[in-house]
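For reference, the structure discussed in these notes is given below.
Numbering (this note's numbering), first residue to last: 441 to 908.
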C-alpha cells in the first residue's frame, strides 16, 4: 500500500520522515567521532575527509528503502537485516576507496574496527525508535482516514482485515457497499454492509469519507466507470483493487512500461539488485565453507572409490534456471549411474545403494559437490531442488505450475526440504506437496528466509528419516 493512500498531510509525519532520512547519516558520523575521542586520535584534515566520505555514502546507501507503510509493517528481523546489508555495502565501498587512494593506512585500525561494529547496532536501535515514534504520531485521531469498500469479495475483505490488523496505518474501515444482501455474500467473516452501490456516492458526501476502494470484478468495468463518474463530485481518494485472488500469482507487483501501468502476475523474485544480493550471499557462504569442507570431501572421495567400482562423482542432467539443462554433481551412492529416459528413485532398503552411500544419503553428504554448481552459477544454496530430466518430463504433465519452480536457480536445500518433503515421491500427492512449497518459496522469498532455511537444514540433517 502506498503512503499516498495512508497518510494525510501532516507536519508531524513530515518531521518524523525527515528525521528518519537523516538519522543514519548522523549515527554514522557521531559514532566515528566518539571512536576518535575514545582512542584519543587527533581530529585533523584526514578525519574530516573521512567524515565527508561517510556522509556522502550514507546519504546514498543507508536511506530507508521503500515507503514508510511497508517498513512499518515489516518485522524487526527484516528491518535489522536490511540495515546490516546496507552497512556492509557502505563499508565495502569505503574500503575500496581507501585501497585505490592508498589512504587506508592513515587511519587508526582500532577506530575503524570499533566504528564498523558499533554503528550498525546503533542504526538498528535508532530505526526501531523512529518506527515507534512514527506509529505514535500516526495514532493521532487527526491522522485517521475513513475508508469504505465498493464490492464485497475475498480481496476486499482481506484488505479490510489487514487495515484493521495494522492500526499504525491509521485507517478506519466503515463498511462495504454491495448489491447483494448480507446472507448472499461469500466473505468468510461477517462484514458491515452499508447499502447498495447506487447509494455509495451519497453516503460519501454525507459522511466525509476519505478513501474508497473499488473492488468490483474486472468484468464489471462499466459499473466501475459509472461509479467513478458519480464520485467526481466528492473529494475522496479512489483506488481500484483488482480481484487478484482469481489468479495464482507469483511475485505480483504493479509496474509501468513507458508510463503504461502493468501488473506482474508471474515473475522471478530475483530481478535487479535482489538477484545480485542473493548471488553475493551464495558466493560468500560457499567460499567461507569450502576451506572447512574440502578435507571432508577428499575423505568421502576415498571412501566412495573404495566402496564399489565406478566414478567418485555422479553427474546427472537436471533442469536449472528457466528450464535449461544443467549438469549436477553428487558423490556416487549407488552401484548404478542412471541418467536416461527412465530414472528410478531410491527406495527404502534399495539394493543399489552402497553401504557408504547409505550413510552419505542419510546426512545429505552426497550433495556437497553441488557447492561447485553454486560457484559456477548453475545452482544456489537455497531454492527448489532440481529433479532428474526424466522426472521433470513426467511431472510437468501431471502437476499444474510445475515448471514455474524453474524461474529461479535450483538449490542444494529449500523450503520443501525443511518441511519434510525429501526422499522418494511414490505418490503424486507427495510431489504435489513438494511443488507447493517451492512455489510458496517464490512468493515469500527474502534473504532472511534463505538464512532461516539454511539454519533449519543444518538441524534437520541429524534427524531426517526420509533420506535413503
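Heads up, the beta-carbon is just placed ideally off N, CA and C, and yes, glycines get one too.
Next on the checklist: In whole angstroms, give me the CA-to-CA distance for residue 773 and residue 520.
Outcome noted: 42 Å
Checklist entry - Quick one: what's residue 841 bridged to in DSSP? => result None; residue 841 has no bridge partner.
Next on the checklist: Please report the straight-line C-alpha distance between residue 541 and residue 549, rounded to a whole angstrom.
Outcome noted: 17 Å
Next on the checklist: Report the start-end ranges of each beta strand (DSSP E) in the stretch 599 to 647 that is 3 residues or longer and not cut off at the edges.
Outcome noted: 611 to 617 and 633 to 635
Item to check | Cβ-based neighbour list, residue 444, same chain, cut-off 7 Å, excluding 5 preceding and 5 following | outcome: The pLDDT assigned to residue 444 is 46, lower than 50, so where the model puts this residue is not dependable; a value taken from the coordinates is nonetheless given after this. Excluding sequence neighbours, residue 444 sits near nothing in its chain.
Item to check | Beta-carbon proximity check, residue 677 vs residue 651, cutoff 8 Å | outcome: yes
Next on the checklist: What residue range does the alpha helix (DSSP H) around residue 717 cover?
Outcome noted: 713 to 747
Next on the checklist: Here's the rule: buried if 16 or more other CB atoms are within 10 angstroms of the residue's CB, otherwise exposed. What is residue 458?
Outcome noted: exposed
Item to check | Rounded separation between residue 486 and residue 743 - CA only | outcome: 58 Å
Next on the checklist: For a quick check, are the C-beta atoms of residue 890 and residue 814 less than 8 Å apart?
Outcome noted: no
Item to check | Alpha carbon of residue 719 to alpha carbon of residue 654, nearest angstrom | outcome: 40 Å
Next on the checklist: Is it buried or exposed, residue 791, if we count other Cβ atoms within 10 angstroms and call 16 or more buried?
Outcome noted: exposed
Next on the checklist: So, for residue 734: in the same chain, excluding its five sequence neighbours on each side, which residues have a beta-carbon less than 6 Å away from its beta-carbon?
Outcome noted: none
Next on the checklist: For the structure I just gave you, are there three or more beta carbon pairs, one from the stretch 794 to 807 and one from the stretch 833 to 851, closer than 8 Å?
Outcome noted: no
Checklist entry - Looking at the structure shown, is residue 899 part of a helix, part of a strand, or coil, going by DSSP? => result helix
Checklist entry - Residues bridged to residue 851 by DSSP? => result 820
Checklist entry - Looking at the structure shown, is residue 466 part of a helix, part of a strand, or coil, going by DSSP? => result helix
Checklist entry - Whole-angstrom Cβ separation of residue 616 and residue 633, contact assumed at under 8 Å? => result 5 Å
Checklist entry - How far does the beta strand (DSSP E) with residue 835 in it reach, from first residue to last? => result Residue 835 -> not in any beta strand (DSSP E); alpha helix (DSSP H) instead, spanning 829 to 835.
Checklist entry - Roughly how far, in whole angstroms, is the beta-carbon of residue 825 from the beta-carbon of residue 850, given that I think they are within contact range, below 8 Å? => result 6 Å
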